[in-house]
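Visitor: One structure, as structure tokens, below. Some questions next.
Number of protein chains: 2
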Amino acid sequence: MITSPSSVRRSERSRRAILQSALDLCTERGYGHVTIEAIAARAGVSKKTIYRWWPSKGAVLLEAFSDALIDATPFVDTGDIGADLRAHVAGAVKLLSVPPFGPAYAGILSELHHDDLLARRLREELVDPRVEEAIGRLRSAQEQGQIPPGADLPLAVEMLYGPVYYRHVLRKPVQDEETIATLVNHVLRSLRAPGY
Amino acid sequence: MITSPSSVRRSERSRRAILQSALDLCTERGYGHVTIEAIAARAGVSKKTIYRWWPSKGAVLLEAFSDALIDATPFVDTGDIGADLRAHVAGAVKLLSVPPFGPAYAGILSELHHDDLLARRLREELVDPRVEEAIGRLRSAQEQGQIPPGADLPLAVEMLYGPVYYRHVLRKPVQDEETIATLVNHVLRSLRAPGY
DNA sequence: AACGACACGACACGGTACGTTCCGTTTCCG
DNA sequence: CGGAAACGGAACGTACCGTGTCGTGTCGTT
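As structure tokens, then:
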């Protein structure tokens, strides 16, 4: 997320304080009260310093959220694709269910429509790579015979992610473990079943 | 969407001018430039008049968008559930692909995180009723033997809507007809296939 | 060790949109 | 025909935006 100067003289202290302050504000007062001015005040930092390294508050939160999501939803391979997908989706659901990460991601998504740069960054730096990883995990299962050869793996990933994140956008209560398991099972079934 | 006074003396002329101006601004200048002040100026209306009947600009656009979506995606029953679902989803995709409705809906979704009232209204007045209608259409197919008796119909609806709308949020290029057909087929397969 | 470049905190600026209030006018119900 | 209510217009203070300026301090360079 580092933007232009990319200098070695950047203050790591300020960077951490900014990211942490942004998340704290998100927890305590909600995304709507996360403003550049509030972040600067809480972090003991000049607004100029924030604008020097990030183009918007969405970009600040994307950097903070991105690390958390990657940690919370690793792509493991235990050999059981069903169990692995359940654990993966459950990780995302759990992360989204607790402040500041749920509100932070909702807020980031809410900026996309008027912030082309942020939208591109979210896709290129977070969504697309993770979709690729998910496809990779499915392909591995495919090679082990758990998924038929001709299956539409990219579509499968969308059918997994789509409901989870769209529900988050609509602010419906998050799914429980059983719902996740049912979703994963249905997606896998749709790949295995004979053509329509 | 009428809020408090609910008076018969309300100016229908102003109401129409406000809704149309909001959509026009969305088309011409983008959702970001749709402000209460801009709507009022274009509609030749006082800001007070807008605030009297709607709590926010999101509520104004929701009223305008809601009518359009309901018109564009009817739930028909030709007896072929696959064809009907394809037509239904295609209607939604097509509506979202053209201004002002695509940007308008993205903008409405972007307000949900800081506007509890708007979120509730969207769910109660648009999303939930349409989910129910979709379930109803699936149940009809179920009674005709096109879908097994024990199928999880609510989940099926989420698997249909989730990918379409989440892609819209992420601003990925909209799906083509073939992708829609594949999605519908997979969802129907997941209902028909034997348990995992 | 001295220099010079650059990130830093601070503060002030004009601009925009917010949501509210007041006023005088118009419209329509009773 | 009288009065209540919605109306358009204008102005208000507040909040945050993104930018500019300035003096300070801290690093690399020589």
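In order, the protein sequences belong to chains L and V. For the first sequence, position 50 (counting from the first letter as 1) is numbered 49 according to numbering that gives the first Met the number 0, and the numbering increases by one without interruption. For the second sequence, position 157 (counting from the first letter as 1) is numbered 156 according to numbering that gives the first Met the number 0, and the numbering increases by one without interruption. We put the beta carbon where it would ideally sit given N, CA and C, even for glycine.
1) Short of 6 Å in beta carbon distance, which residues of its chain neighbour Ala-71/L, apart from the five on each side in sequence? Order them along the chain.
2) Pick out whichever of Ala-21/L, Ser-96/L, Phe-74/L has its Cα sitting closest to the Cα of Leu-60/L.
3) For Thr-178/L, name the three-state secondary structure that DSSP assigns.
4) Taking the C-alpha atoms as reference points, what is the distance between His-185/L and Val-186/V?
5) Quick check: what's the CA-CA separation for Ala-270/L versus Ile-134/L?
6) Using only the alpha-carbon positions, how far apart do Ala-140/L and Ala-63/V sit?
7) Tell me which residues share the same chain as Leu-116/V and place their Cβ nearer than 7 Å to its Cβ, disregarding the 5 neighbours each side in the sequence.
8) Cβ closer than 9 Å: which chain V residues qualify as neighbours of Leu-108/L?
9) Assign Ser-6/L to buried or exposed, taking buried as 16 or more other Cβ atoms, counted over all protein chains shown, within 10 Å of its Cβ.
10) Quick check for students: name the residue ranges of the alpha helix (DSSP H) that lie wholly in the region 77-148 of chain V, counting only runs of 4 or more.
11) Unbroken alpha helix (DSSP H) runs of length 4 or more, entirely within the region 17-67 of chain V: which are they?
12) When we look at the beta-carbon of Pro-99/L and count the other beta-carbons within 10 Å, is it buried (16 or more) or exposed?
13) Okay, do the region 73-84 of chain V and the region 39-51 of chain V touch, 3+ Cβ pairs below 8 Å being the bar?
14) Do we get a CB-CB distance below 8 Å when we pair Ala-82/L with the residues of chain V?
15) Out of Pro-153/L, Ile-179/L, Arg-170/L, Glu-176/L, which one is the CA nearest neighbour of Val-126/L?
16) Which residues of chain V have a Cβ atom closer than 9 Å to the Cβ of Asp-151/L, listed in chain order?
17) Could you check what DSSP says for Ser-266/L in three-state terms: helix, strand or coil?
18) List, in order along the chain, the chain L residues whose C-beta lies closer than 9 Å to that of Tyr-50/V?
19) Could you run through the region 124-139 of chain V and flag, in chain order, every residue whose CB is less than 9 Å away from some CB of chain L?
20) For Ala-150/L, which three-state DSSP category applies?
21) Would you say Tyr-195/L lies against chain V (beta-carbon separation less than 8 Å)?
22) If His-87/V and Gly-29/L are in contact, beta carbons under 8 Å, what's the gap, nearest whole angstrom?
23) Using a Cβ-Cβ cut-off of 6 Å (strictly less than) and excluding sequence neighbours within five positions of Ile-146/V, which residues of its own chain qualify?
24) Arg-191/L versus chain V: which residues are under 7 Å apart at the beta carbon?
25) Using a C-beta to C-beta distance shorter than 7 Å, which residues of chain V count as neighbours of Ala-105/L?
26) When you compare only the Cα positions, how much space is there between Leu-182/L and Ala-40/V?
27) Let me know if His-32/L comes out buried or exposed under the rule of 16 or more other beta-carbons within 10 Å of its beta-carbon.
28) Using 8 Å as the limit for Cβ to Cβ distance, is Gly-161/L near chain V?
29) Is any beta-carbon of chain L found at less than 8 Å from that of Glu-176/V?
30) Are the CB atoms of Arg-122/L and Leu-169/V within a distance shorter than 8 Å?
31) Quick check on the burial criterion: 16 or more other C-beta atoms within 10 angstroms. Buried or exposed for Thr-34/L?
Guide: Taking the coordinates as given:
1) Scanning its chain for C-beta atoms nearer than 6 Å, with the 5 sequence neighbours on each side dropped, one finds around Ala-71/L the residues Gly-90, Leu-94, in chain order.
2) Ala-21/L
3) helix
4) The straight-line gap from Cα to Cα measures roughly 8 Å.
5) Absent from the structure is residue 270/L, since the part of chain L shown begins at 0 and ends at 195.
6) 46 Å
7) Pro-54
8) Leu-108, Ser-109, His-112, Val-168, Leu-169
9) exposed
10) 80-96, 100-110, 115-120, 127-142
11) 35-42, 46-52
12) With 16 or more other Cβ atoms within 10 Å, it is buried.
13) Not touching, per the Cβ criterion.
14) no
15) Pro-153/L
16) Thr-181, His-185
17) Outside the displayed span of chain L (0 to 195) sits residue 266/L, for which this structure offers no information.
18) The contacting residues do not exist; Tyr-50/V stays about 19 Å from chain L at best.
19) Here the close residues are Val-126.
20) coil
21) Unreliable positioning characterises Tyr-195/L in this predicted model, as indicated by a pLDDT of 49, which lies under 50. The coordinate reading is nonetheless provided below. Yes, Tyr-195/L counts as interfacial toward chain V.
22) The beta-carbon distance between His-87/V and Gly-29/L, rounded to whole angstroms, is 36 Å. This is too long to meet the 8 Å contact definition.
23) Ala-140, Leu-190
24) Ala-192
25) His-112
26) 48 Å
27) Its Cβ having fewer than 16 others within 10 Å, His-32/L is exposed.
28) yes
29) no
30) yes
31) exposed
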